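What follows is a set of notes on a single structure, which appears directly below.
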Amino acid sequence: MTRVELDWKDFDNSINDKKEKCLEERMPPWEEFQKQIEHKWNLYNEHLDIAYKSYILKISPTWNVSHWEE
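Just so you know, we're using the UniProt record's numbering here: the sequence shown kicks off at 1 and counts up by one.
What follows is the structure in structure tokens.
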């Protein structure tokens, strides 16, 4: 191998090592965020308006600007 090829391999290995280290440092916060999002979706209720007797989704299409500002 030539000197340039060896230098390139060293550089490439160095960059890959730094990338892996960076990703390892970022994974715990990402995993926590992912768990929180999954938890929120597990609590999602498709019939929320019925459960709380709030029919806002049915009446809001007929609102004008003053209704939205309230």
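For each residue, glycine too, the CB sits at the ideal point set by N, CA and C. These numbers were taken from a predicted model, which means no experiment stands behind them.
Annotation for Asn45: Ala51 place their beta carbon closer than 7 angstroms to its own, counting only its chain and skipping 5 residues before and after.
Annotation: the segment 28–57 contains the following complete segments of the alpha helix (DSSP H) (minimum length 4 residues), in chain order: 48–51. Under the DSSP assignment, Ser66 falls in the alpha helix (DSSP H) whose first and last residues are 65–69.
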